[in-house]
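Numbers 142 to 304, taken from the working numbering, label the letters of the sequence shown in order.
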Amino acid sequence: MDVLLQMPKVIFMVCGVCTIGIIVGWFAAQVMGKKVADFLTFLPTERFATAPPAMGIPASKAMSGDLHGAVDSYEELLLKYPHDKEIYFRLLEVVLGPLKMEAYGENVLQRGFANLEKEADRKNLRDLCDAIRSGDYHPLQHLEPRPLLEVKILPPLFRRVES
Numbered sequence: 142m143d144v145l146l147q148m149p150k151v152i153f154m155v156c157g158v159c160t161i162g163i164i165v166g167w168f169a170a171q172v173m174g175k176k177v178a179d180f181l182t183f184l185p186t187e188r189f190a191t192a193p194p195a196m197g198i199p200a201s202k203a204m205s206g207d208l209h210g211a212v213d214s215y216e217e218l219l220l221k222y223p224h225d226k227e228i229y230f231r232l233l234e235v236v237l238g239p240l241k242m243e244a245y246g247e248n249v250l251q252r253g254f255a256n257l258e259k260e261a262d263r264k265n266l267r268d269l270c271d272a273i274r275s276g277d278y279h280p281l282q283h284l285e286p287r288p289l290l291e292v293k294i295l296p297p298l299f300r301r302v303e304s
């Protein structure tokens with residue numbers, strides 16, 4: 142019987158605690174939420190319309206010594222991303238560095254001047270080119286260009302090759 146008399150008090154207390162919790166929670170969310178959102182503004186908010194260029198493929202070719210393959214891969218990237226300054230920088234490092242292709246480097250430089258939008262990017266491209274040509278900067282100096290190899294089709298392993 143005492144339980145039935147105490148039940149309305151318990152229900153009233155639970156409802157009161159829930160109401161106070163909702164009011165305090167709403168206020169805390171308003172105050173703390175703004176502070177947390179301001180703190181997290183360092184996270185990137187922009188989205189890319191297209192994926193950024195895959196710079197690792199030509200870079201890995203260059204590091205493995207396939208400099209001509211790296212140049213071809215950078216040229217493919219330039220077809221997709223003609224306004225990306227990093228591609229021009231890395232292409233100049235390969236072409237003017239170990240390959241020592243001055244005419245091709247000048248062509249890349251002129252294309253960079255035509256396609257890059259910011260004057261600072263053009264200046265940095267010119268400075269990189271001048272530093273490599275003067276000998277102040279030696280990119281990829283540990284690499285030697287390999288001669289182009291002919292790919293020969295090998296017979297499958299399950300066939301017997303008569304000698």
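Ideal Cβ placement from N, Cα and C applies to all residues, glycine included.
Contiguous alpha helix (DSSP H) elements confined to the stretch 170-240 occur at 197-204, 208-221, 226-237, taking only those with 4 or more residues.
Excluding residues up to 5 positions away in sequence, 263 lie with their Cβ nearer than 6 Å to the Cβ of residue 254 in the same chain. Taking C-beta atoms under 8 Å as the contact rule, residue 281 and residue 238 qualify, at a distance of about 5 Å.
By the beta-carbon neighbour count (other beta carbons within 10 angstroms, threshold 16), residue 228 is buried. DSSP places residue 253 inside the alpha helix (DSSP H), whose first and last residues are 243-256.
Under the three-state reduction of DSSP output, residue 147 falls in the helix class. Taking all protein chains in view, the Cβ of residue 214 is crowded by 16 or more other Cβ atoms within 10 Å, so the residue is classified as buried. In this structure, DSSP gives residue 166 a helical state, which the three-state scheme calls helix.
If you look at residue 284, you'll find it isn't in any alpha helix (DSSP H); DSSP assigns it neither H nor E. Put simply, of 270, 172, 195 the residue whose alpha carbon is nearest the alpha carbon of residue 221 is 195. Membership of residue 259 in any alpha helix (DSSP H) is not indicated, and neither H nor E is assigned to it by DSSP.
Here the C-alpha atom of residue 169 lies approximately 47 Å from the C-alpha atom of residue 261.
Under the three-state reduction of DSSP, residue 157 is assigned to helix. For a cut-off of 8 Å, the C-beta gap from residue 247 to residue 224 is around 20 Å, too long to register as a contact. For residue 217, the closest alpha carbon among the candidates 182, 154, 198, 160 is that of 198. Each residue's CA atom was taken as its position, placing residue 203 and residue 171 some 54 Å apart.
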